[in-house]
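Heads up, our numbering is the position in the sequence shown plus 317, with the first residue counted as 1.
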Amino acid sequence: MIFLLIIAVLIAPLFMLITSWMIDWCAVFYNVIAILCAYTVGIIVSYWIYVILRDNQVFMTTIHGIFQNQAFLASGAYLGGYAIYLLLRMTFKHIRADS
318 MIFLLIIAVL IAPLFMLITS WMIDWCAVFY NVIAILCAYT VGIIVSYWIY VILRDNQVFM
378 TTIHGIFQNQ AFLASGAYLG GYAIYLLLRM TFKHIRADS
């Protein structure tokens, strides 16, 4: 399982980079999905913090209960891969500009 996660982290951002170079609308699509994921993560985190503070249950186990939310995990995973994609894109743009 760890092997599959490592491969996914390496391949997904490269796939995003290649498709954004080959197909113009892919970069816009990746940006829109990232915006939606950022809103999703923000809403879930703010809701959980509100509930925890409202119920006065500030314990480690309660706070880490947010990691059981599948939408939070999926959105966070996409944002992590998207961040690597953006770093790769900026790096290759910089290399192309220098040469």
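Cβ coordinates follow ideal geometry from the N, Cα and C atoms, glycine included.
| query | result |
| --- | --- |
| Inter-stretch contact (C-beta, 8 Å, three-pair minimum) for the region 397 to 414 and the region 330 to 341 | yes |
| Residues near V358 in its chain [Cβ-Cβ closer than 8 Å; skip 5 each side] | F389, S392, G393, L396 |
| Presumed contact (8 Å Cβ cut-off) between I383 and W365, rounded CB distance | 5 Å |
| Proximity to L334 [Cα-Cα], best of T379, V368, G398 | G398 |
| Host alpha helix (DSSP H) of D341 (start-end) | 341 to 371 |
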